[in-house]
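The letter at position 143 of the sequence shown is residue 143 when you use the UniProt record's numbering, and the numbering goes up by one with no holes.
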Amino acid sequence: MSKVAKAAAGLMIVTILSKVLGLVREQVLAAAYGTQMYAAAYSTANSIPVVLFSVIGSAIATSLIPMYNKLRKESGEDRALEFTNTLVNLVSIICLGIAILGAIFTEPLVKLFAAGYTGEILETTVSFTRILLFSIIFIGLANIMTGFLQIKNNFLIPGLIGIPYTIVIILSVYLSLNHGIYVLIYGTLIALAFKFLFQVPFAYKKGYRYSLKMNLKDDGIKEMMVLIMPVVIGIGVSQLNTMIDRSLASILGANIVASFGYANKLYEFVQALFITSILAVVYPKLASLLVKDDMSSFKFSLRKTMNVIIILIVPIVVGAVVLAVPIVKVLLQRGRFTYEDTLITANILKIYTVGILAVAIRDVMSRGFYSLHDSKTPMKNGMVAIVVNIVLNLLFIKFLGYKGLALASTIAGYVGLILFYFSLKKKIGDFQQNEIFIVFFKSLIAATIMGICSKLTFEYVDSILSAGFLSDLVSLGSAVGIGVLIYFILIYLLKVEELTSIIDIVKSKFKK
């Protein structure tokens, strides 16, 4: 098995551990605060720093990889490290400035993210946001450390940063029930700081050495600044779509905002496990292949990555649509999180999950463009998708309410995917895209049969068991287990080549 496959497998396993713990975090939060005012205010305040700078931070990490490789090849490791330190210092200053500015104009900032908030919930969200805005500094630096470690082929540590973050949040939730809600807010700030601090010792072990030196005339920084704004817009599409959804959702009530937050966390679980973990390993390889002018291998890696993601994501889409209610019920319905909250969250999750395939394939294509040092094409396509999302949001909310907001994002995602597909084909020519369509249709056939079998299994097992959490868990587990088995048997019978790669990954891990 290739080094890339091994790294992806290792990162996927680490991500499973991190994200399962993350689901426990959401369970604890849902049980403690349900979908009421504090949950909505916390969800909004927590999302603002993420949207404000994680987009820029992700863009920096994305741009850092090809730029670091280029400088290292041209001028050596010391030159690449000098560039990285200039970036670290520059980002620290910019983040501090954004945090201070945001703290001054917090109320209009909150109104931008939650147009429907007034009175107590507005005041609470403003107060929470002022504290959490300073997490922007740690978000920015964490993204740089992640990029550096990935360059050095260390993918596991960036995958583990969610674990200390989640542990601190869970402890903060429990303590906040007895000592006040602000324990959770300050705890979240500390947890976000850990995402950066956790990576620092490992970055030093890989050769990173911090320096106060900041060369604003660095040609690498100048080149990166030219590239980064289009990348910000390109990467920011999903974040901006989420922000727009939540802002309009605030008009429909605090419980809708909180439900969007929970559905988005479940959505992000799948995204991080099957998309982010694969792309984190593949992207540095794509960038290095282009440095070597190996376009043939670049196209091959791009196509194979899309196919593997399709095989993994299509059954999840079908499974989430069929089993959304029992999934949300088992994961979140306890304490102050009611059955009504379950239904709303499940409806959002169904529609969001349908769009995850578009997001996944689009992200692979965008990494291809960034590897080609083309950040303008993803930017243009991203802007079109945002406009489509806004127009459809305003149209659908009148007729479909909160479901319309989720549906608008999903449709906009597929519009973006179509634009990316034709742009990539124009950019690199034929990359044997017909193979991708064949894999998709085979996966869809297998997943449809799987979905029917899973639904029937759930209904049968549920009918013979008594009501209760354990019965729900057994019914859901049976449906998922049968579904997974049927899906992969069908994929094998349909002779999907990429299944061999997945089987090799699993075999190697069991041997270890």
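Glycine included, every Cβ here is placed at the ideal spot set by N, Cα and C.
Can you check the region 177-236 for any alpha helix (DSSP H) of at least 4 residues that lies completely inside it and give the ranges in chain order? Listed in chain order, they are 182-197, 200-205 and 219-235.
Using CA coordinates, which residue listed in Ser466, Ile311, Asp341 and Val391 is at the minimum distance from Tyr492? Nearest of Ser466, Ile311, Asp341 and Val391 to Tyr492, Cα basis: Ile311.
Please check the pair Ser250 and Ala408, which I expect to be a contact at CB under 8 Å, by giving their CB distance rounded to whole angstroms. So it is not a contact: roughly 16 Å between Cβ atoms.
Taking C-alpha atoms, which residue in Asp462, Leu64 and Leu87 lies nearest to Lys213? By alpha-carbon distance to Lys213, the top candidate from Asp462, Leu64 and Leu87 is Leu87.
Around the C-beta of Gly368, are 16 or more other C-beta atoms found within 10 angstroms, so that it is buried, or is it exposed? Buried, by the Cβ-count rule.
Spatially closest choice to Ala31 from Gly220, Val173 and Leu499, by CA coordinates: Closest option to Ala31, Cα to Cα, is Val173.
List the endpoints of the continuous alpha helix (DSSP H) containing Arg362. Taken as a continuous stretch (DSSP letters only), the alpha helix (DSSP H) holding Arg362 covers Ile356 to Ser371.
When the Cα atoms are used, what is the spatial distance from Ala39 to Ala258? Here the alpha carbon of Ala39 sits roughly 6 Å from the alpha carbon of Ala258.
Rounded to the nearest angstrom, what separates Gly416 and Val359 at their Cα positions? Cα-Cα distance, rounded: 8 Å.
For Tyr117, three-class secondary structure by DSSP: Reduced to three states, the DSSP call for Tyr117 is coil.
Where Glu26 falls: helix, strand or coil (DSSP): Reduced to three states, the DSSP call for Glu26 is helix.
Whole angstroms are fine: how far does the CA of Val384 sit from the CA of Leu133? A direct Cα-Cα distance of roughly 29 Å separates Leu133 from Val384.
With distances taken Cα to Cα, identify the nearest neighbour of Leu473 among Ile351, Tyr414, Leu332 and Val354. Sorting Ile351, Tyr414, Leu332 and Val354 by C-alpha distance to the C-alpha of Leu473 places Leu332 at the top.
On the premise that Val183 lies in contact with Leu175, defined as a C-beta separation below 8 Å, what is that separation, rounded to the nearest angstrom? Rounded, the Cβ-Cβ distance is 5 Å, consistent with contact.
Going by beta carbon distance, what residues of the same chain come within less than 7 Å of Lys299, once the five residues before and after it are set aside? So the qualifying residues of the chain are Ile428 and Phe431.
Does the separation of the CB atoms of Ile256 and Ile344 fall below 8 Å? Yes, these two residues count as a Cβ contact at 8 Å.
Rounded straight-line distance, which links the Cα of Thr457 to that of Lys495: Near 26 Å, if we compare the C-alpha coordinates of Thr457 and Lys495.
Could you have a look at Ile161 and say whether DSSP puts it in helix, strand or coil? Residue state, collapsed to three classes: coil.
Which two residues bound the contiguous alpha helix (DSSP H) that contains Asp462? Segment Gln433 to Ile464, the alpha helix (DSSP H) holding Asp462.
For the 8 Å Cβ check, are there 3 or more pairs between the region 391-407 and the region 361-376? Flag = no, the region 391-407 and the region 361-376 do not touch.
Beta-carbon proximity check, Ile170 vs Val330, cutoff 8 Å: At a Cβ-Cβ threshold of 8 Å, Ile170 and Val330 do not count as neighbours.
Three CB pairs or more closer than 8 Å across the region 68-87 and the region 203-220: Yes: at least three Cβ pairs fall under 8 Å.
Reference Phe138; option with closest CA among Leu109, Glu26 and Ala99: Residue Ala99 is the option with its Cα nearest to Phe138.
DSSP on Ala258, reduced to helix/strand/coil? In this structure, DSSP gives Ala258 a helical state, which the three-state scheme calls helix.
Could you check what DSSP says for Leu494 in three-state terms: helix, strand or coil? The answer is coil: DSSP assigns Leu494 none of H, G, I, E or B.
So Ile190 and Asn393 are supposed to be a Cβ contact under 8 Å. How far apart are they, rounded? Between Asn393 and Ile190 the Cβ distance is about 35 Å, and since that is not below 8 Å, they are no contact.
Taking 8 Å as the limit between beta carbons, can you name the residues of its chain near Leu177, skipping five residues before and five after? Around Leu177: Ala32.
Would Tyr460 be called buried (16 or more neighbouring beta carbons within 10 Å of its own) or exposed? Label assigned to Tyr460: exposed.
Relative to the alpha-carbon of Gly187, which residue among Thr166, Tyr352, Arg334 and Val200 has its alpha-carbon at the smallest distance? For the residues Thr166, Tyr352, Arg334 and Val200, the minimum Cα distance to Gly187 belongs to Thr166.
Please state the DSSP three-state secondary structure of Asn393. Three-state result, Asn393: helix.
Span of the alpha helix (DSSP H) around Val50: Unbroken run through Val50: none, as it is neither H nor E.
Pick helix, strand or coil for Gly45, following the three-state DSSP scheme. The question names Gly, but residue 45 in the sequence shown is Ala. If DSSP states are grouped into helix, strand and coil, Ala45 belongs with the helices.
Going straight from the alpha carbon of Lys425 to that of Ser475, what length do you get? Rounded to the nearest angstrom, the two C-alpha atoms are 45 Å apart.
Quick check on this structure: which residue in Ser423, Ile411 and Gly335 has the alpha carbon closest to the alpha carbon of Pro378? Residue Ser423 is the option with its Cα nearest to Pro378.
Between Leu419 and the rest of its own chain, which residues show a CB-CB distance below 7 Å, the 5 nearest in sequence each way excluded? Exclusion of the five residues before and after Leu419 leaves Asn381 and Val384 as the residues of its chain whose Cβ lies within less than 7 Å of its Cβ.
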